[in-house]
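See below for the structure under consideration.
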Amino acid sequence: MPAATPTTTFTWAIANLERETLDGFVFVAHYTVNASDGTYSSGAYGSVGFERPDTLIPFADLTEDQVIIWCKDALGGDEKVTEIQDALQGQIDEQRAPTKAAGVPW
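Heads up: the sequence shown begins at 188 in this note's numbering, then just goes up one per residue.
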């Protein structure tokens, strides 16, 4: 019986925020997505811009979870999130069972 394939955990985080100092409007968020199955890992980095909302949440009151939601929405929602995570999973799968190799036979 073959061993079960490990489950991959995806971790989204905010690396940095760019804001206007006058009112704290966050106009760009830089995010990371890390994928790990306990043995292999892969990661991605990106940034998204935001339109000014009608009502601002004070900068000091922002949470990482809220900004991650904004990033995922700005990227295109669940479809784009799944696409990013699938690409990272593909990289882990390639590490686990490589389809290409380099070297010489001697």
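Built from N, CA and C at the ideal position, the CB exists for glycine as well.
Whole-angstrom distance between A261 and G197, CA atom to CA atom: Looking at the sequence provided, one finds Phe at residue 197 rather than Gly. Each residue's alpha carbon lies about 18 Å from the other.
field: Selection from I244, S229 and H217 that minimises the alpha carbon distance to K259
entry: Per the Cα distances, H217.
message: Which runs of the alpha helix (DSSP H) at least 4 residues long sit entirely within the segment 220-277? Give them in chain order.
response: 251-262
Go through its chain and collect everything with a Cβ distance to Q253's Cβ below 8 Å, but skip five positions before and after it. I244
May I ask you to report which of helix, strand or coil DSSP gives E205? strand
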